[in-house]
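Below: the structure, in structure tokens.
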Amino acid sequence: MRLLTLLPPQPHTVTADDATALNLPACLVGATYNFEPVPTDVEVGRGGALYLTTLPGGPEGPALGARGSVYRFSPRHHDLRRLATGFAGATNLAVTPGGRILVAELFAGRISTIEHGRPSLVIDLPKVASVEFYRHAVYAGTTGDMTEAGFSGHGSVVKIDTRW
Numbered sequence: 368m369r370l371l372t373l374l375p376p377q378p379h380t381v382t383a384d385d386a387t388a389l390n391l392p393a394c395l396v397g398a399t400y401n402f403e404p405v406p407t408d409v410e411v412g413r414g415g416a417l418y419l420t421t422l423p424g425g426p427e428g429p430a431l432g433a434r435g436s437v438y439r440f441s442p443r444h445h446d447l448r449r450l451a452t453g454f455a456g457a458t459n460l461a462v463t464p465g466g467r468i469l470v471a472e473l474f475a476g477r478i479s480t481i482e483h484g485r486p487s488l489v490i491d492l493p494k495v496a497s498v499e500f501y502r503h504a505v506y507a508g509t510t511g512d513m514t515e516a517g518f519s520g521h522g523s524v525v526k527i528d529t530r531w
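Now the structure itself:
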């Protein structure tokens, strides 16, 4: 086993709304905190490039906004580049043969793609946690209901026909 790359910190400047929502002391308003990103999936794309989804670290729910990201890492050139940010709970991704990147956004309840460095809606799908692409179709997994104690109920697997 060897380390390929480290993901950069995810800086966030605490606002008054953040402090209220998270019950933080007022003296933290204006402070910048460097959250440590949490990688949630890795997929291999063209030329052996690795694509990664991340949660932003810290509160993973929507309290601080949509802060998940997608990165591309070239093992050959040791180059890490953030392709997009602004995902609400980026828990999984798929890369199509044509290079389109699909991202499961758990907290937004949707599958998105990347357009001009930002998330762009593909389909609303409540509780989506995973996404894969195979033979012109998107397959997605959904969770049961989220409760304080974890997940309850049944998840599902759905097939979404596409023209990709």
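Start counting the sequence shown at 368; every next residue gets the next number (our numbering). We put the CB at the ideal spot given by N, CA and C, even for glycine.
| Check | Outcome |
| --- | --- |
| Burial state of Gly415, where buried means 16 or more other Cβ atoms lie within 10 Å | exposed |
| Distance, Leu460 Cα to Arg477 Cα | 12 Å |
| Boundaries (first-last residue) of the alpha helix (DSSP H) holding Thr529 | Note, Thr529: premise wrong, no alpha helix (DSSP H); not H, not E. |
| When Val495, Lys526 and Glu499 are compared against Gly511, the one with the closest alpha-carbon | Val495 |
| For Thr421: DSSP bridge partner residues | Pro406 and Ser436 |
| Tyr501, buried or exposed, once every other Cβ within 10 Å from all chains shown has been counted against 16 | exposed |
| N- and C-terminal bounds of the beta strand (DSSP E) containing Thr509 | Ala504 to Thr509 |
| Distance between Pro429 and Pro486 (C-alpha atoms, nearest Å) | 16 Å |
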